[in-house]
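Undergrad:
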Amino acid sequence: MTISAERETEVVYPDPTPPSAGWFQGLPARPGWLSQHLGTAMVGAVLGYLLGHWLGNVIASGYDYVANSGTNAIANTGGIALGALGWLLGIGAINYPLAKLIGKEPAPEYETTSWTKYFRYTADHKVVGLQYVIGVLLFLFTGGLLAMAIRTELLTPTSHVFGPGTYIAIVSEHGTIMMMMATSVVVGPLGNWLVPLMIGARRTAFPRVEAFSFWVFSAGYLVILTALPYGGFPTGWTGYAPLQTQAGGGMISYLAGFALIGTGMMAAGFNLAVTIVNYRAPGMTWSRVPIFVWSILATCALLTLATPTLFAAGLFGILDRTAQTAFYVTEHGGSSYLWQNLFWFFGHPEVYIMALPGFGIVAEILPVFTRKPLFAYKIAAAGMIGVALLSFFVWQHHLFQSGINPDMRPLFMLTTELISIPTGFIFLVGMGTLYKAKIRFEVPMLFALALFFNFLIGGVTGVFLSDVPVNVTVHGGFFVLSHFHYTIMGGLIFAFFGGLYFWLPKMTGKTMNKKLGQIHFWGMFIFFNLTFFPMFLIGLLGQPRRVFQYQHNLQALNDFSSVSAFFLGASFLVFVANFVWSIFIKPTPSPANPWDSLGLEWQTANPVPYYNFERIPVVLTDPYHYGETDAPAVADLGEPELVPVGAPAAVADEQPVDDRPPNAAG
Amino acid sequence: MTDAATQPDAAGPAHAGKGEPRHFARMVTIWLVLSLVLDPLFYFLVGPHVPPGTMTSTAEENQFDFTLLVVIALPVLLGVWVYLGYSIITWRASKGGDDPVGGEQARAHLGVQTGWIAITSVIVLFLAGYGTYSLIDTHGAGGGQGPNPVWTPTAAHILPVQVIGQQWAFTYRYPTFGGFESKQLVVPVDTTIAFHVTSLDVIHSFWAYQLSIKADANPQIDNVAFTTTNHTGSFTVRCSELCGLWHGAMYNYGQVVSKQAFQTWATTTEKATAANTKLLPPFAWTYVPDANGADGGYYNDTVVPYSPSEVYGAKQPAS
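Residue numbers (the numbering used here), protein chains in the order written: chain G, 435 to 1100; chain A, 11 to 329.
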């Protein structure tokens, strides 16, 4: 009960309206269209791109290799780098450090109810969360359309719709976009929106860093799309190196895009990790923290520790292409294994970045719809930390057949199989919670239950892949493709939609249509399985990944999978229709707590005020006291005098906590 | 809180006594019956047909390991599915029924938790143990082990075949037959074969599907994989690592033929291609491509190649 008791009282923050005025001063006071918003960001991006491209041509057009190859990687890189910088300048992401740099006090942000705040750089974590919702959905649907194109090509065993170059560009773009999206699909929208509310904080630790993470993330989206006008890139999302070095201009978009997304991941992870550690309300002890927050904390550890490797790997790739270094060029002392090692050293923790938040969501949803406390809370938290730790020790299982040191295979087989123990804890938690429960099959619950079905298949097939002898057949084929779609889409994306249906009423104050939600769920669940289960067989029967030609005897299975994929795609249209209809066209106000959840995030006013809580709540217990006649209130939201008699004494004292408004953060 | 108000009879564990069916026993029974039926069905009916068949020793071992994993995985899958299905049917809210009982006993159960961890650990450690055993017992010899393979077959006579990946075809060199190069992969039956896989440009992966051989082709790496052929037939070779534009079309077919037929084919081809073989770089385990060659030509044609042609034929240093 000593949480935050010793926290220092914050000194009174200086008057947020300083006397000095620079070019960036007073911007919020101007008419909206003159201030910084999405439009100025776009202008900045275009101007930055043109400037960077011109500079690159000035610098490098005389070089022999530029003259010979006809592509100027320096101009591409310069354009993308300055374009991203222009985007960030245009949105105002760098105003604060720039102002500090020249010794001025930056303009404060004012609370606004205008819808235009969603198109601005804002320190409100709830606005950033909703910006992320739209951002990741755009990302997801872009990648989904490309998936439809892939399945169209695979309707016949020979090349028929796209040429091989277009096909491979589509495959690569699909994989990269989906992977980029999945890194942030839960941490971005739900993590940013919910974590402060769940831990009783008024804001995140670094609101500007949080907003920065979103605008860098969106810059990454635009950059990866620029690969298409450059002719795409042929490497898939894994970007293996000699091919990467040999590829055309689109490769720069891949490398720079991943570096940008990586920057956003590090920023988002760092901000949320610090928030969770330091901004918990009084009484919010580690054993009372909602399990979703544990999952985000474990994910943040991976985001901040694994992503720098990706950033470095991408930087080396850009240097190989621009400055003619030879990190990945075997003939010149580099190694084709270096990229594989760096990439997967990031890539495997990344896999769990794309699994843990999903576990957190379903563990949060289950107690509400079973009216039972979460079973084995401590095991769940320990499992998430265990997965996060172990995930750094498994990456070489991606290289079992690559010819690196074979002595290491038993070790990586062991670590890979060991990680299924803490991963399995989520099943213990889920099954224990369902025992003698009273299950309400609301839409979020359907998605949560589907995770257990899908992720089980994904997880068990992972054990097949980890077994080195079996890996010989299943590696690099449709089997592994199906495996990771079962874990990422069947796990994370199902959990994400469950989370959206669960928390959107709180986030937007509007009710999602239940009927459409059910249609969406059943369409997605059935056709997801019909799309991807046949792919296990396709892979076992010998079809490698990323091919446009396959054996004729596999056409029936491929066609079945393709047609199911089209229906799967259509199910997302139901979601879009539901989202647009329920939120924008015919909004129905949502009750403050439509699912009767005990979670702290549901206890604030609806819509959630700018400062989240009138007063920093005093947390009295964990939010899982379902099924108890005298269930205690999860937190005291009122004045300190109202703390019930018998509540722990230490927390009854008002704690001096950092409750400055978001705009005053250092 | 709202929930607590609507459940006046949630008095504790006492009401869970008489009349309550023994859920756990029922689930275990269903699970046991399903497992006992489906496991042998899979093992005996599907097992012999599991890819990649039995053409080679590694394929056979691969098939057995896959079947074994399914036999272990099926009860795990069934366990969770039976539990989920049973819960959804039995404890759905629309059925009415008792309100759930919260409190300490619903939050944790030492026995269940310990049991779960123990069972999953035993399964996982058994799999890792068996995997390691089978790997050392050369089940995994068909996967590329790099230039210094650790688990090698003990056969007295091993036929080396070099597989050269380049965009976008595999070619094969036979060092014991004068190093001739063929676009056709032919190997003799009942023979242990060492595939030395290398690449001239980007990473490919040599996947001889029915032979259960998969080894990445890396530039300047000699990646070795072994197998012993069991019976004759044809097999498919595909590239299973994305290698660029025509990756999807990078496949061909190979033959396992009788020893006699192989000897005839090899000696005939060696003679027939003798003129070509002279033009090729001398046989080596890896090749450094000419700077203007297969790696895409980073250099102006007038630049002296970084890798002089003397390097051709250099034996790869033991790493």
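Idealized CB from N, CA, C, for every residue including glycine.
1. Verify the CB distance criterion: does residue 137/A have a CB-CB separation below 8 Å to chain G?
2. Counting only beta-carbon atoms, is residue 229/A nearer than 8 Å to chain G?
3. Applying a beta-carbon distance threshold of less than 7 Å, which residues of chain A neighbour residue 830/G?
4. Quick check: what's the CA-CA separation for residue 1071/G versus residue 1052/G?
5. Within its chain, find whatever has a CB closer than 7 Å to the CB of residue 57/A; leave out the 5 residues flanking it on each side and keep chain order.
6. For residue 324/A, which residues of its own chain have a beta-carbon under 7 Å away from its beta-carbon, when the five flanking residues on both sides are left out?
7. Please list, in chain order, all residues of the same chain as residue 643/G whose beta carbon is under 6 Å from its beta carbon, the five residues on each side excluded.
8. I need the DSSP call for residue 191/A, collapsed to helix, strand or coil.
9. Between the C-alpha atoms of residue 532/G and residue 651/G, what's the straight-line distance to the nearest angstrom?
10. Just by C-beta distance, which residues in the stretch 890 to 904 of chain G are closer than 9 Å to chain A?
11. Just mark residue 1074/G as buried or exposed, buried being the case when its beta carbon has 16 or more other beta carbons within 10 Å.
12. Express the C-alpha separation of residue 1065/G and residue 883/G in angstroms, rounding to a whole number.
13. Could you check whether the Cβ of residue 1127/G sits closer than 8 Å to any Cβ belonging to chain A?
14. Closer than 8 Å, CB to CB, is residue 36/A near chain G or not?
15. Would residue 919/G be called buried (16 or more neighbouring beta carbons within 10 Å of its own) or exposed?
16. From this set, 909/G, 1048/G, 578/G, 1060/G, which residue's C-alpha is nearest residue 1007/G's C-alpha?
17. On a Cα-Cα basis, can you pick out the residue from 812/G, 616/G, 585/G that is closest to residue 601/G?
18. Hey, is residue 594/G's beta-carbon within less than 8 Å of any beta-carbon in chain A?
19. Would you call residue 34/A buried or exposed, if buried means 16 or more other Cβ atoms sit within 10 Å of its Cβ?
20. Is residue 504/G helix, strand or coil by DSSP?
21. Measure the Cβ-Cβ separation of residue 928/G and residue 881/G and say whether it is below 8 Å.
22. Tell me the residue span of the beta strand (DSSP E) that contains residue 227/A.
23. By Cβ distance below 8 Å, which residues in the same chain neighbour residue 72/A in space, the five residues on each side in sequence not counted?
24. Can you tell me the Cα-Cα spacing of residue 863/G and residue 89/A, whole angstroms?
25. Could you give the C-beta distance for residue 873/G and residue 98/A, rounded to a whole number, given that I count them as a contact under 8 Å?
26. Considering only C-alpha positions, which residue in the set 45/A, 211/A, 239/A is nearest to residue 227/A?
27. Do you know offhand how far residue 511/G's Cα is from residue 646/G's?
28. Note the first and the last residue of the continuous alpha helix (DSSP H) segment covering residue 774/G.
29. Taking a Cβ distance cut-off of 9 Å, strictly less, list which residues of the stretch 251 to 271 of chain A are near chain G, in chain order.
30. Going by the CB atoms, is the gap between residue 267/A and residue 65/A shorter than 8 Å?
31. Helix, strand or coil for residue 266/A per DSSP?
32. Answer yes or no: the CB of residue 570/G versus the heavy atoms of the ligand PLP, is any distance below 7 Å?
33. Taking the alpha carbon of residue 573/G as the reference point, which residue from 860/G, 592/G, 692/G, 614/G has its own alpha carbon closest?
34. Can the beta-carbon of residue 737/G be found less than 8 Å from the beta-carbon of residue 682/G?
35. List, in order along the chain, the chain G residues whose C-beta lies closer than 8 Å to that of residue 281/A?
36. Alpha carbon to alpha carbon, how far is residue 112/A from residue 1062/G?
TA: In terms of the structure at hand:
1. So, interface residue.
2. Chain G, which has a Cβ nearer than 8 Å to the Cβ of residue 229/A, makes this yes.
3. Chain A residues near residue 830/G: none, gap ~12 Å exceeds 7 Å.
4. Roughly 7 Å separates the two Cα atoms.
5. Cβ within range, chain order: 77.
6. At residue 324/A, the pLDDT of 41 sits below 50, so the modelled position is not reliable; the number obtained from the coordinates is stated separately. Answer for residue 324/A: 294, listed in chain order.
7. Answer for residue 643/G: 701, 705, listed in chain order.
8. Strand, per DSSP.
9. Here the alpha carbons of residue 651/G and residue 532/G stand approximately 21 Å from one another.
10. Correct list: 890, 891, 894, 895, 897, 898, 900, 901, 902, 903, 904.
11. The pLDDT assigned to residue 1074/G is 48, lower than 50, so where the model puts this residue is not dependable; a value taken from the coordinates is nonetheless given after this. By the neighbour-count rule (16 or more Cβ atoms within 10 Å), residue 1074/G is not buried but exposed.
12. Cα to Cα, the separation comes out at about 26 Å.
13. As shown, chain G starts at 435 and ends at 1100. That puts residue 1127/G outside it, with no answer to give.
14. Taking 8 Å as the CB threshold, residue 36/A stays off the interface with chain G.
15. Under this definition residue 919/G is a buried residue.
16. For the options 909/G, 1048/G, 578/G, 1060/G, the alpha carbon positioned closest to that of residue 1007/G is the one of 578/G.
17. The option with the nearest alpha carbon to residue 601/G is 585/G.
18. At a cut-off of 8 Å between beta carbons, residue 594/G makes no contact with chain A.
19. That one is exposed.
20. When DSSP states are grouped into helix, strand and coil, residue 504/G belongs to the coil group.
21. Going by C-beta atoms, residue 928/G is nearer than 8 Å to residue 881/G.
22. Its beta strand (DSSP E) spans residues 223 to 227.
23. Excluding residues within five positions, the ones whose Cβ falls inside 8 Å are 62, 149, 152, 222.
24. Distance between the alpha carbons of residue 863/G and residue 89/A is about 15 Å.
25. Right, the Cβ-Cβ distance comes to about 7 Å (below 8 Å), so this counts as a contact.
26. Nearest of 45/A, 211/A, 239/A to residue 227/A, Cα basis: 211/A.
27. Note on geometry: alpha-carbon atoms of residue 511/G and residue 646/G lie some 21 Å from one another.
28. 770 to 787 is the extent of the alpha helix (DSSP H) around residue 774/G.
29. Here the close residues are 251, 252, 253, 254, 255, 256, 257, 258, 259, 260, 261.
30. The beta carbons of residue 65/A and residue 267/A sit no closer together than 8 Å.
31. The DSSP-derived three-state label of residue 266/A is strand.
32. The ligand content of the structure shown is nil, which means the ligand PLP is not present either.
33. Answer by Cα proximity: 614/G.
34. No. Outside cutoff.
35. Those do not exist, as residue 281/A stays about 33 Å from chain G at its closest Cβ, beyond 8 Å.
36. A straight line joining the alpha-carbon of residue 112/A with that of residue 1062/G spans about 5 Å.
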